[in-house]
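This report concerns only the one structure given below.
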Amino acid sequence: MFELSDIRRISMVGTGNVATHLARVLTKAQVRIIDIYSPQQAHAKTFSLSFGCHIASSLQELSTDTDLILLCVPDNQVSAVGAQLSPGSAIIAHTSGIVGLDKLQVGNAKTGVFYPLQTFSKQRIVDFSNVPMCIESNDAETFGKLTQLAYKISNKVVAISSPEREILHLTAVMVNNFTNMLYGMAHDILDNHELSFDLLLPLIRETASKVMEMKPAEAQTGPARRNDDLTMTRHMELLDKFPHYREIYQLITDHIIKKYHE
456 MFELSDIRRI SMVGTGNVAT HLARVLTKAQ VRIIDIYSPQ QAHAKTFSLS
506 FGCHIASSLQ ELSTDTDLIL LCVPDNQVSA VGAQLSPGSA IIAHTSGIVG
556 LDKLQVGNAK TGVFYPLQTF SKQRIVDFSN VPMCIESNDA ETFGKLTQLA
606 YKISNKVVAI SSPEREILHL TAVMVNNFTN MLYGMAHDIL DNHELSFDLL
656 LPLIRETASK VMEMKPAEAQ TGPARRNDDL TMTRHMELLD KFPHYREIYQ
706 LITDHIIKKY HE
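According to this note's numbering, the sequence shown is numbered sequentially starting from 456.
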C-alpha cells in the first residue's frame, strides 16, 4: 500500500485566468509555486512578481525538483506542451474541461486532470470552497495526490472520467457562455434605447435562484412557454435593428414552443 505525500511544490505552464486563480488559491493553501513558463515573457514576469516564483525560459527548463507540473494552457495545446516536458518524478496534470486524459502522454510520467468547473476572470476573486474540482488519473497514487491537493482548496472534489468531463464542459458552455452572450445581446438592445442593464439584474438573480430549487423545465416562463403569438410577433418587430438577434430569438422561441406545445 502506497503512502500519500502532499503536493507542496508546483511548476505552472500558462498565465491566463485559470492559472492566475489556481496560483492564488493554492498559494493561500500553503502550496508553493516554484516556477512559471509562458511564451509571453511579459505575462510570465507579472505572474512571477505576483507569486514569487522563478521564470523558466523554456519548457525544458522547468524545475525537476517539483511535485506537479500543472498545464493551464489552451485545449489545443495540451498534447504538444506535454510532449516537450521532462518532468522527472513530477506528476503532469492539465486543467482542461474537454481534453481527454489519453491526450497527455509523456513517456512514463504519471498524468492526471485537475479541472476546476468554474468561470474565471482575472479581475474577480472566486471563492473556491464550492467550486467542483474534477479529478482524473489512471494511477491510484496520482489520483490520491491530486484529490488531496484539491481538498486543500475546495470542499467539492469529484472523480470524473474524461467522457463525463466532456459532457460537463458542454453543459457548462451552455449555462455560462451562451447565457452570458444573451446578457450581452440584451445589453446592446437596452443601450440602443438608452435604458440601463441594471434594471434586469433582479430578474437575472431570480432566474438563477429558481433553478437551484426546481428543474429548469418547471421554471420556464415567458411568451413562448404560453405560446403568446401577439407578444412574440411584437418582439420580432422590435428586433428589426438587430437582424442577427432576431435569428437567435426565433430559434430559441421555436424550441420552447416545440418542447411545451407539440
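From the three backbone atoms N, C-alpha and C, an ideal C-beta is built for every residue, glycine too.
C-alpha of Ile-491 to C-alpha of Asn-472: approximately 14 Å in a straight line. Per the coordinates, the alpha-carbon of Ile-590 lies some 10 Å from the alpha-carbon of Lys-600.
In the DSSP annotation of this structure, the continuous segment of the beta strand (DSSP E) that includes Ser-466 starts and ends at 464-468. By the neighbour-count criterion, in which a residue is buried when 16 or more other Cβ atoms sit within 10 angstroms of its Cβ, Met-669 is exposed. Closest in alpha carbon position to Val-468, among Val-528, Ile-615, Ser-651, is Val-528. In the three-state scheme derived from DSSP, where H, G and I count as helix and E and B as strand, Val-612 is classed as strand. Taking C-alpha positions only, Ser-616 is separated from Gly-567 by approximately 11 Å. Secondary structure of Asp-684 (DSSP, three-state): helix.
With fewer than 16 other beta carbons inside 10 angstroms of its own, Gly-677 counts as exposed.
Counting other Cβ atoms within 10 Å of its Cβ, Gly-552 reaches 16 or more and is therefore classed as buried.
Per the C-alpha coordinates, the member of Arg-464, Ala-535, Leu-637, Ala-538 positioned closest to Leu-523 is Arg-464. No Cβ-Cβ contact shorter than 8 Å links Leu-559 with Ile-546. Minimum Cα-Cα distance from His-648 among the listed residues Phe-697, Asn-631, Leu-604 corresponds to Phe-697.
Spatial neighbours of His-642 in its own chain (CB-CB distance under 7 Å, excluding positions within 5 residues in sequence) are listed in chain order as Phe-652. Shown here for Ser-584: same chain residues with a beta carbon closer than 7 Å to its own, the five before and five after excluded, namely Ser-609, Asn-610 in chain order.
With contacts defined by Cβ atoms closer than 8 Å, Gly-537 and Leu-526 form a contacting pair.
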